[in-house]
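Going by this note's numbering, the sequence shown opens with residue 2, and the numbers climb by one from there. We put the CB at the ideal spot given by N, CA and C, even for glycine. This report refers to the structure that appears directly beneath it.
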Amino acid sequence: MLWDLLQQYQIANRQSESEALAKRTHTLDGRVHQLELELNATRAQLKCLTELLESRFGEDLNGDGKVGR
2 MLWDLLQQYQ
12 IANRQSESEA
22 LAKRTHTLDG
32 RVHQLELELN
42 ATRAQLKCLT
52 ELLESRFGED
62 LNGDGKVGR
């Protein structure tokens, strides 16, 4: 439950940051750069979530041959 609250906070925070930056970004290059940053943040969040799930359930979910980190 605590994890759900933290995740919701991070999602809301990222959305508000994204909206604020989108208002400031008027060029295509700037917007592409922002989307690349968001993609990297999303990938990092997914990696963290996968590691947590692997640790909790004791299974290799992403096929890297390791459980957890």
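Query                                                                                                                                                 : Result
Could you spell out where the alpha helix (DSSP H) holding V33 opens and where it closes?                                                             : 29-58
Helix, strand or coil: how does DSSP classify R25 here?                                                                                               : helix
On the three-state DSSP scale, how would you describe N14?                                                                                            : helix
Which whole-angstrom value describes the C-beta separation of R39 and S19, a residue pair presumed to lie in contact below a C-beta threshold of 8 Å? : Checking the displayed sequence, the identity of residue 39 turns out to be Glu instead of Arg. With 8 Å as the limit, E39 and S19 qualify as a contact, their Cβ atoms being about 6 Å apart.
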